[in-house]
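Quick notes on the structure that follows.
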Amino acid sequence: MSKKNIFLILGVVIIACILIIVSQTTLLGKAPNGLVRIYISGQLHSQEELLMERDVAISQPDGKTNILHLMENGFYMKESTCITQQCIQQGQVTVDNYDKRALGTRVICAHNEVQVELVLTDRTPSPDLPDI
Amino acid sequence: MKKWICLLAALMLACPACTTAEEYAKFSRVAYGIFDTEIQLIGYTKDQNEFNQAADEVMAQLRDYHRIFDAYNSYPNLHNLWYVNAHAAKEPVEIPAPLFDLIVWCKEQWADGKEGANIAMGAVLSLWHDFRTAGIEDPLNAQLPPMAALEEAAQHTDFSKVILDHEKRTVYFADPLLKLDIGAVAKGYAADLAAASLMEKMPSFLLSLGGNVIAGEPPRDGRLHWGVSVQDPDDFSGMLEVLYVDQLTVVTSGDYWRYYTVDGERYHHIIDPATLMPARHIQAVTVVCESSLLADYLSTTLFLMPYEEGRALIEATEGAEAIWSLMDGTVLMSDGMAKYARSMGATSR
C-alpha cells in the first residue's frame, strides 16, 4: 500500500471521526424544543424532553398501555388499549398548533386516565389562549 | 410635605391592586371516574395547600353526587337513582335531597309545557345504552335496538306517572315499567352545587365536568375572564370558538363524544323522543348562562330541535346564549353570544 493511499485512508477516518463527534456534540448540546409531562390518574408520572423522534410506552400495572410518539416539535398518541381510541383521534400537539387545538397543549386518554401535556420552554403563551 | 404625604397615601391605596395578581398562583387538578368523564379544576390561591384543601373537598362532593345520580350501580345504604329505578314502582322511596330537588326541577320544566329533555325516558334510553355499550365492546357485532322494543319502551315515559311527596321527600312510579334517566341534567346540577361550595373556598376557579364548564370569579392573574374552548365537531382536535366568561357556565351537547358505529354509520347518545332514534337536527350546540343545570337542560333540548326552533327558545330564555353547529358545517350564534366569542372580538382582558 502506497504512502498516498495510507494518508487518504487516514484522512477519511479522521474526517469521519470529526463528523461523528460534531454530530454527537450537537445533539447532546441541543436545547429541547419543549417538555412533555405525562400524568397518570392526575399524578405526574414522568417527563420527557423533545429532542428527537421516539416512542415512549406508558404502561400501568393493570395492563392499560399507551404508546406516545415524541417528535422534535411535539407529540401524538400512537397506540392505546382504551376502547374508544379518542386519544388517538386527538392528533398531534406541536409547538406550532397548540393554540389552535380545543384541548390546547394536552392529549387525554380518559379511559386509561392518562394525560400528556406539552410544556413550552421558550415562550410565554398568549393570555387569550383558552384555559380549558 | 403635604404633596409627599398624598403621594405616599396614593401609593399605599394602589398597592393592593398592583400586587393582587402576584399574591396568587395558578394550580390545577385532574380526576377521573366521576360522572364517567375527566374532571378538571383550575384555581388561583395563595398557596398549594389552600388549593389542595378546596380541590379535595370539591372532588369528594362530586364523587358523592356521582353515586347519588348513578343509574347503573348500587351503593350500600344509598337510595340513589339505580335504587329508585329498581324499587320506586313497588313503594315510595325516600331519596337524598339533591336527587329529589333535581327531579322536582325537571318535572316543573315538563309541567310548564316547555319542549325539552324528558328524564322519564329512561326505559328508551336504557335500551340504547345497553346496545351502545355492547357495540363499543364488540364493534363487529354492533346492532341497533329493535324499533318494536323502543316503541314498547316509549309507552312508559309519562312524567305524570312520577309521583313526588315533598314532605316525605319520596318518589313513586305509578307505571311499573317507567325509569328515570337524568343524564341530560345531572352533571349540570352537580356543577352548580360544586361551584357554590367553591365560591366560599376558592372563588377564582374554572371547573370542567366533560362538556360542562363552570367559571367562578376572574382568574387572579390580571385577566378579566377565563377562556373556554368549544370543540369543532368536524375535527376532533380542532377549536370552533373560544368563549371568555366569568361567573357563567358553558355547556355543550354534541354528536361526537358518546357514540357507536353500526354498519359504518354513527349513532350518538342523544335520543329524539319523536323518532326514538339519535337526533339529527344539528351537530352540536353550546349554551352560555348562569346556571349549569339550566345550560345542561337547554343544550340537550336545543339538540333535539331544528335550529330555527332552538333560536326562538334561546331568544325567549333570559340570560341564555347559544352557538349552533349545523349539519352542513355552518356555525351560527345568538346575538348576545358575540360579547363572549373570540371570533367576534372578545378577549380575556
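Protein chains in written order, with this note's numbering: chain Z, 1 to 132; chain C, 1001 to 1349. Idealized CB from N, CA, C, for every residue including glycine. Note that the structure is a prediction, hence the values are computed from the model and not measured.
(1) Which same chain residues end up closer than 6 Å to Z:MET71 when comparing Cβ atoms and leaving out the 5 residues on each side of it in sequence?
(2) Let me see if you follow: with CB-CB separation under 7 Å, is C:ARG1132 close to chain Z or not?
(3) I'd like the ranges of any alpha helix (DSSP H) spanning at least 4 consecutive residues and lying wholly in the region 1102-1184 of chain C.
(4) Taking Cβ positions only, does Z:GLN47 come closer than 7 Å to chain C?
(5) Just how far apart, CA to CA, sit C:ALA1120 and Z:VAL119?
(6) Once DSSP output is grouped into helix, strand and coil, what is the label at C:PHE1027?
(7) Show which residues of chain Z have a CB atom less than 9 Å away from the CB atom of C:PHE1236.
(8) Does any residue of chain Z have a CB that is nearer than 7 Å to the CB of C:TRP1324?
(9) Between which two residues does the alpha helix (DSSP H) harbouring C:PHE1303 extend?
(10) Starting from the C-beta of C:ALA1289, find all residues in its chain whose C-beta is less than 8 Å away, skip the five residues before and the five after it, and write them out in chain order.
(11) Does the pairing of the region 101-112 of chain Z with the region 1028-1047 of chain C give three or more beta-carbon distances under 8 Å?
(12) With distances taken Cα to Cα, identify the nearest neighbour of C:GLU1200 among C:THR1347, C:GLU1217 and C:VAL1213.
(13) Taking the alpha-carbon positions, what's the Z:LEU35 to Z:VAL116 distance?
(14) With a cut-off of 7 Å, does the C-beta of C:LEU1206 fall near any C-beta of chain Z?
(15) Residues of chain Z with a CB under 8 Å from the CB of C:ILE1136: which are they?
(16) On the three-state DSSP scale, how would you describe Z:MET71?
(17) Candidates Z:ALA16, Z:VAL114, Z:THR121 and Z:VAL13: which alpha carbon is nearest Z:LEU68's?
(18) Considering only C-alpha positions, which residue in the set C:PRO1092, C:TYR1244, C:GLY1329 and C:TYR1065 is nearest to C:ALA1174?
(19) I'd like to check one pair, C:ARG1067 with C:TYR1075: are the Cβ atoms closer than 7 Å?
(20) At a Cβ cut of 7 Å, what residues of the region 1036-1056 of chain C count as close to chain Z, listed as they run along the chain?
(21) I'd like to know whether the C-beta of Z:LEU27 is nearer than 7 Å to at least one C-beta of chain C.
(22) Is the beta carbon of C:GLY1264 less than 7 Å from the beta carbon of C:ALA1284?
(23) If you follow the beta strand (DSSP E) that C:SER1204 is part of, which residue opens it and which one closes it?
(24) Is DSSP giving C:VAL1285 helix, strand or coil here?
(25) I'd like to confirm the pairing. Which residues does DSSP put opposite C:TYR1260 in its beta bridges?
(26) Kindly indicate if chain Z contains any beta-carbon less than 7 Å away from that of C:ALA1031.
(27) Which partner residues does Z:ILE40 have in the DSSP bridge list?
(28) Chain Z beta carbons: is any one of them nearer than 7 Å to that of C:TRP1226?
(29) Can you grab the Cα-Cα spacing for the pair C:ALA1086 / C:VAL1124, in whole Å?
(30) Whose C-beta lies closer than 8 Å to the C-beta of C:PRO1273 among residues of the same chain, with five residues either side of it excluded?
(31) With C:ILE1182 and C:LEU1041 assumed to form a contact (beta carbons below 8 Å), what rounded beta-carbon distance in angstroms separates them?
(32) For Z:ILE15 and Z:ILE6, what's the separation of their Cα atoms in angstroms?
(33) Once you ignore the five residues that flank C:GLY1135 on each side, which residues in its own chain have a CB closer than 6 Å to its CB?
(34) Mind listing the chain C neighbours of Z:GLY42? Cutoff is C-beta to C-beta under 8 Å, in chain order.
(35) CB-CB under 7 Å to C:GLN1109, same chain, minus the five flanking residues each way: which ones, in chain order?
On the basis of the coordinates in this document:
(1) GLU53
(2) no
(3) 1122-1137 and 1147-1154
(4) no
(5) 46 Å
(6) strand
(7) GLN86, GLN89, GLN90, GLY91 and ALA102
(8) no
(9) 1292-1303
(10) Here residue 1289 of chain C turns out to be Cys, not Ala, going by the sequence shown. Excluding residues within five positions, the ones whose Cβ falls inside 8 Å are LEU1248, THR1249, ALA1295, LEU1298, THR1317, GLY1319, ALA1320 and GLU1321.
(11) yes
(12) C:GLU1217
(13) 10 Å
(14) yes
(15) ILE83 and THR84
(16) coil
(17) Z:VAL114
(18) C:PRO1092
(19) yes
(20) THR1037, GLU1038, GLN1040 and ILE1042
(21) Confidence is the limiting factor: at Z:LEU27 the pLDDT is only 49, short of 50, which leaves the residue's position unreliable, though a coordinate-based value still follows. Z:LEU27 does not count as touching chain C.
(22) no
(23) Unbroken run through C:SER1204: none, as it is neither H nor E.
(24) strand
(25) C:TYR1267
(26) yes
(27) Z:GLN43 and Z:VAL114
(28) yes
(29) 16 Å
(30) ASN1118, MET1121, VAL1124, ALA1154, THR1157 and LEU1304
(31) Their Cβ separation, rounded to whole angstroms, is 23 Å, which puts C:ILE1182 and C:LEU1041 out of contact at 8 Å.
(32) 14 Å
(33) ALA1142 and TYR1260
(34) ARG1029, VAL1030, ALA1031 and TYR1032
(35) GLY1116 and TYR1297
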